[in-house]
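The working numbering puts the first residue of the sequence shown at 16, with every later residue one more than the last.
Where a beta carbon is used, it is the ideal one built from N, C-alpha and C, also for glycine.
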Amino acid sequence: MAYNEKLLKKDSLRIILIGSGGPFNNEVRVAPCIAVIAAGEFFLVDVGPGTYRIVDIMRLPVPHLSKILLTHFHSDHIGDLGEANMMSWASGRTKPLEIFGPEGLETVVNGFIMAYKQDTGYRIAHHGKDTIKPEAGTPISKTIKFPDPNVRVLCFKINELKVYAFQVDHSPVKPALGYRIEYRGNVVVITGDTKKTNNLAEHCKDADILFCEAISFEILNNMIEGLKRNKLNRQAQILNDIQSYHMEPVEAARVAKDAGVKKLVFIHITPPLTNKTTEDLYLKGVAEVFDGEIVLGMDRMKFRLRPKS
Numbered sequence: 016m017a018y019n020e021k022l023l024k025k026d027s028l029r030i031i032l033i034g035s036g037g038p039f040n041n042e043v044r045v046a047p048c049i050a051v052i053a054a055g056e057f058f059l060v061d062v063g064p065g066t067y068r069i070v071d072i073m074r075l076p077v078p079h080l081s082k083i084l085l086t087h088f089h090s091d092h093i094g095d096l097g098e099a100n101m102m103s104w105a106s107g108r109t110k111p112l113e114i115f116g117p118e119g120l121e122t123v124v125n126g127f128i129m130a131y132k133q134d135t136g137y138r139i140a141h142h143g144k145d146t147i148k149p150e151a152g153t154p155i156s157k158t159i160k161f162p163d164p165n166v167r168v169l170c171f172k173i174n175e176l177k178v179y180a181f182q183v184d185h186s187p188v189k190p191a192l193g194y195r196i197e198y199r200g201n202v203v204v205i206t207g208d209t210k211k212t213n214n215l216a217e218h219c220k221d222a223d224i225l226f227c228e229a230i231s232f233e234i235l236n237n238m239i240e241g242l243k244r245n246k247l248n249r250q251a252q253i254l255n256d257i258q259s260y261h262m263e264p265v266e267a268a269r270v271a272k273d274a275g276v277k278k279l280v281f282i283h284i285t286p287p288l289t290n291k292t293t294e295d296l297y298l299k300g301v302a303e304v305f306d307g308e309i310v311l312g313m314d315r316m317k318f319r320l321r322p323k324s
């Protein structure tokens with residue numbers, strides 16, 4: 016079945032929410048991954064475990080996948096990096112995949128290169144160099160550096176498409192990044208994993224769509240109580256610890272309000288929301304803070320922004 020290459024010829028900024036979940040495996044949402052198509056470019060932001068399969072099933076134009084932007088190196092954000100590189104190459108990609116990310120990127124990328132070295136050789140030997148281009152099989156690291164940690168930097172510019180990176184606070188994960196995408200008058204921001212900081216709203220300013228991480232501390236604390244009752248103290252501690260470097264949904268709503276965002280889409284949704292009751296609990300108080308459009312992210316959601324200029 017052919018890939019949908021017509022998407023590359025459209026004028027709109029297209030965003031596909033491939034994976035809207037977090038690190039907890041569940042049947043509702045897979046790990047973080049967002050696909051972006053604009054100005055003839057197709058790239059991914061994060062590529063967590065199980066996400067590349069969805070990219071392929073949706074018949075996105077994987078032979079033209081040009082870049083992957085990583086927010087940080089937690090496993091739920093990088094788990095399918097090797098698969099994305101290998102399978103887009105095997106599907107017809109003819110140029111090396113560029114991987115963008117914070118300092119430490121080369122170690123991560125080189126690790127995947129080593130892990131897939133045998134398979135890379137098998138495919139060249141089996142299909143031949145005319146069918147599968149050896150020079151396109153090895154990804155290229157593009158480490159993003161910040162002269163000033165408070166100022167966003169331009170990652171790349173292609174025609175009217177500009178992609179910026181900015182630092183967020185996911186300590187002890189340092190550095191961790193968010194991304195701001197600007198195309199023909201539209202702005203999309205992806206926060207990555209972070210707690211609420213003083214300058215986050217500035218990086219999200221006037222976004223048409225803000226894809227913002229959020230974790231329900233209330234649901235987590237209910238889970239912690241149950242774990243402690245069953246003497247599962249190790250698991251309880253982990254659920255308590257993760258609250259120190261994430262935002263609650265209401266905090267995300269405050270960021271959206273302060274930034275003048277039009278649409279707030281929740282991503283990295285944690286813990287898993289398995290029914291309407293947990294969804295309502297997750298969103299409790301959000302509408303009282305932010306009066307724009309509120310979307311509870313789901314895998315395979317599609318967003319389209321038509322050119323303003």
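Neighbourhood of residue i by C-beta distance below 6 Å, restricted to the same chain and skipping five residues each side
| i | result |
| --- | --- |
| F281 | A229, L311, G312 |
| A267 | C227, A229 |
| T109 | K148, A151 |
| L215 | V270 |
| V123 | F88 |
| G126 | none |
| L112 | N100, P154 |
| Y131 | G97, M101 |
| D223 | N201, V202, K277, L320 |
Below-8 Å beta-carbon distance, residue i vs any chain D residue
| i | result |
| --- | --- |
| F171 | The structure shown has no chain D; it contains just one protein chain. |
Same chain, Cβ closer than 8 Å to residue i, five either side skipped, listed in chain order
| i | result |
| --- | --- |
| P64 | V45, A46, S90, D91, G94, D95 |
| K323 | R199, G200, N201 |
| F305 | A268, R269, A271, K272, V276, L279 |
| G300 | P264, V265, A268 |
| S27 | A53, R319, L320, R321, P322 |
| A17 | R74 |
Per DSSP, the bridge partner or partners of residue i
| i | result |
| --- | --- |
| L311 | F281 |
| R138 | The partner list for R138 (beta bridge, DSSP) is empty, contrary to what the question assumes. |
| L176 | I173, Y198 |
| E228 | I282 |
| A191 | V183 |
| G34 | C48 |
| M316 | L32 |
| I205 | Y194, F226 |
Integer Cβ distance of residue i from residue j, believed to fall under 8 Å
| i | j | result |
| --- | --- | --- |
| G37 | I284 | 6 Å |
| L296 | I234 | 6 Å |
| I239 | L254 | 5 Å |
| I49 | D61 | 7 Å |
| A274 | C219 | 4 Å |
| P78 | S35 | Not quite, the Cβ-Cβ distance comes to about 25 Å (not below 8 Å), so this is no contact. |
Close-in-space but distant-in-sequence residues of the same chain around residue i (CB under 7 Å, 5 per side omitted)
| i | result |
| --- | --- |
| K210 | D184, Y260, H261, M262 |
| E56 | S81, I173, L176 |
| E197 | K177 |
| N41 | P287 |
| I72 | none |
| P76 | Y18, N19, E20, L22, L23, F57 |
| A251 | I239, L242, K243 |
| A302 | I309 |
| D134 | M101 |
*Say whether the region 143-159 touches the region 111-118, bearing in mind that this needs 3 or more beta-carbon pairs closer than 8 Å, one atom from each stretch.*
yes
*So does the region 79-86 actually touch the region 192-207, counting three or more Cβ pairs closer than 8 Å?*
yes
*How about the region 169-183 and the region 284-291: do they share at least three Cβ pairs that are nearer than 8 Å?*
no
*Is there contact here, the region 31-38 with the region 312-322, by at least three beta-carbon pairs under 8 Å?*
yes
*Could you name each continuous alpha helix (DSSP H) segment of 4 residues or more that falls completely within the region 50-118, going from the start of the chain to the end?*
66-72, 90-93, 96-105
*Complete runs of the beta strand (DSSP E) confined to the region 148-173 [at least 3 residues]*: 155-158, 168-173
*Report yes or no: do three or more beta-carbon pairs, one from the region 137-151 and one from the region 181-198, lie closer than 8 Å?*
no
*Three or more C-beta pairs below 8 Å linking the region 98-108 and the region 123-139*: yes
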